[in-house]
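In our numbering, the protein residues as written are 330 to 1097.
Written as structure tokens, this is what we have:
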């Protein structure tokens, strides 16, 4: 009886103690609102500044701390490169600013790595590096290790084309990257293993995080002149006004690119009895265009933790391509036909885009993120071709009109569960595209087609950590319905429905100075309407192309390993593709002298890649060097049954170097080189480039001047050969990349920091 009584008393006391323990969940974020990993969160007594307990934030910046007397204690947040922050004992979001010292016109930030691993992702700190003054978002992305491309189209080494997000909003217009100034970017995150919250066809993601909005009125004027064979201009004006409750911005953009395009194409086709050689030279083609953009947006804070916003963008463009090409057709080494063509193409389009968003939290824990987009586009293309041949001449005048409508919305709910964060989301999009082709001379039949696509997806994503081990597990279900209509038919010519589950798994483990991560994901690649079509298209007298309605979607299995050690980052990937879609050909039935190109499924396609990145600051020199190697494992046969060798590895190297020369001068010398090798059914030739630039700020940072020379040695030429059973297609192209660029950026009014938080533990701080 006595034992029972004492046990009951002890149980009551223990329960009272547990009940007094208050569990507080929060998240530490940077200036872009992104979580900061491995921040020290220390609970301290106010009375004597003694240590109570401490925790470290996980990969997403989340922390969980217990306090039995929150009114008598406070929290201290600290991390290398960031200011120490002291707050009351409470949950929610904690903003940790970076350490910055202003010395005359030069800004010196706390030393922290420009590139770092965040789980399986690769994060670039733009805000606190020389990249913040480089120009536009396009210029920033060109500097990232393992990323190549430009003008809104970027390829990630070993993965392919990247999908780009700005503040969790999908970029649907590539020109938006040129309008985003590098000075507005906080960081860029390269996602090599996209989770369940991304589209199943996405294999790599570039997430751009912009800086937090700060108080006051600000404006910026950017002027750029580019000289290659011709002169191009760019003008951009940014206006913004921000208070605690409202953020408004407007943008005016005008550019007129003008350049020369050179190209050579060679087609060698063998039908056993006949050898065709077609040479097409397109030299000194001119491209001149004019782009206009008007954009404005408004964000309103309704209450603490609740923000809504709307933006509207209007785009207008006029592109003109014109030039002369010469075609020579040899049949069994005898000249059969010679064509001299002059072509003029004019394309005009108007686009309107509306975006709505809501971000908020309910009850301090349930996070809500909702985005919706509507895009409407009208485009008209006029094509005039004058052909001069050995036998006769002809003129082709054709018009093409297209109308495009897109509706898309995405909802993500996030809630802390156990030792992690659970995300549940819905993703929906609907796209209608209608095109009409008219030929005034009736050389080709008029045509009409319409395509409809609807995607509905739901996903679960759970991320967290136990001790040092972090994880991210996700599952996505996606239903994709596509229908293609021809000749104004009510019934679809081609209709497909794809339904599939896509799992993703990531594991992260920091072992002292070494960061390790391992990731797996399942992705897909679906055939396009063009590849599925029933029609036959005429290319030349011996070459045709048609679709294959029996094509299956490809299933891609990605496995990647990432290792980080101080200033070195290493990544290695392996992928296996089932039912890979590739170009093929066959002899035209009934005509053994003609070849038909089409797409088919190959049983499998696999490859490996490895990339090593070195980034370190050595005095006034900041090098960022990368070296990568890629190899396919693919066996194809030609029409004789002989093996086409397409297993040659290729290397990719970049040597980006920044030099702080004193008095505010910054020099960049960047080099890029790709060796010969194969990828898919393509044999690539070597190419490379060297870019040089110098930047300087004047008038206490109000005026930034940048002078650059791109492709100094005119070596950035695209050369490759594409193989199929009967055909070898060689392509050479140069897009007038060698150029001199002068950019002037003037800030009419500098931002003021709107952070008004005060240290509730100021007296305690003085004693520490």
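Cβ coordinates follow ideal geometry from the N, Cα and C atoms, glycine included.
By the Cβ test, the stretch 1012–1019 is not in contact with the stretch 910–919, since fewer than three Cβ pairs between them sit closer than 8 angstroms. Assigned with DSSP and collapsed to three states, residue 508 falls in helix. Proximity to residue 707 across 723, 680, 727 peaks at 680, based on C-alpha coordinates. For residue 1056, the enclosing beta strand (DSSP E) stretches over residues 1056–1063. Note on residue 525: 16 or more other CB atoms within 10 angstroms of its CB, so buried under the neighbour-count rule. For the options 451, 560, 498, 588, the alpha carbon positioned closest to that of residue 940 is the one of 451. In terms of Cβ geometry, residue 688 and residue 676 do not form a close pair [threshold 9 angstroms]. In the three-state DSSP reduction, residue 880 falls in the coil class, being neither helix nor strand. Listed in chain order, the beta strand (DSSP E) runs fully inside the stretch 571–601 are 575–585, 587–599, counting runs of at least 3 residues. Taking C-beta separations shorter than 7 angstroms and ignoring five residues to either side along the sequence, the partners of residue 610 in its chain run 593, 654, 655, following chain order.
Residue 385: member of the beta strand (DSSP E) spanning 380–385, first to last residue.
With a cutoff of 9 angstroms on beta-carbon distance, residue 898 and residue 446 are scored as near each other. Pairwise C-beta distances place the stretch 768–788 out of contact with the stretch 400–415, as fewer than three of them are shorter than 8 angstroms. For residue 1023, the uninterrupted beta strand (DSSP E) segment begins and ends at 1016–1027.
Taken through DSSP and simplified to helix, strand or coil, residue 860 comes out as helix. Shortest Cα-Cα distance from residue 645 to any of 691, 826, 583 involves 583. Residue 855 and residue 809 do touch by the CB rule: their CB atoms are close to 7 angstroms apart, below 8 angstroms. Taking residue 461 as the centre and dropping the five residues before and after it, the same chain places the C-beta of 455, 511, 512, 514 closer than 8 angstroms to its C-beta, in chain order. Going by C-alpha positions, residue 989 is about 7 angstroms away from residue 996. The Cβ-Cβ distance between residue 853 and residue 882 falls below 9 angstroms.
In the three-state reduction of the DSSP assignment, residue 544 falls in the coil class.
In the three-state reduction of the DSSP assignment, residue 457 falls in the coil class, being assigned neither a helical nor a strand state. Rounded to the nearest angstrom, the Cβ distance from residue 1004 to residue 979 is 5 angstroms, consistent with a contact under 8 angstroms. According to the DSSP assignment, residue 471 belongs to no beta strand (DSSP E) but to the alpha helix (DSSP H) extending over 466–471. Among the bridge pairs identified by DSSP, residue 686 is matched with 638, 700.
One thing to note: residue 890 has its Cβ no nearer than 9 angstroms to the Cβ of residue 904. A straight-line Cα-Cα distance of about 7 angstroms links residue 380 and residue 374. Annotation: the stretch 760–834 contains the following complete segments of the beta strand (DSSP E) (minimum length 3 residues), in chain order: 776–795, 798–815.
Annotated three-state conformation of residue 952 is strand, per DSSP. Only exposed fits residue 820, as fewer than 16 other CB atoms lie within 10 angstroms of its CB. Distance from the Cα of residue 733 is smallest, within the candidate group 778, 744, 746, 713, for 778. In chain order, 361, 495, 496, 509, 513, 514, 515 place their CB closer than 8 angstroms to the CB of residue 539, counting only its own chain and leaving out the 5 sequence neighbours on each side. The closest CA to that of residue 443, considering only 449, 933, 473, is found on 473.
In this chain, the beta strand (DSSP E) harbouring residue 1070 covers 1068–1078.
In this structure, DSSP gives residue 401 a helical state, which the three-state scheme calls helix. In the three-state DSSP reduction, residue 648 falls in the strand class (E or B).
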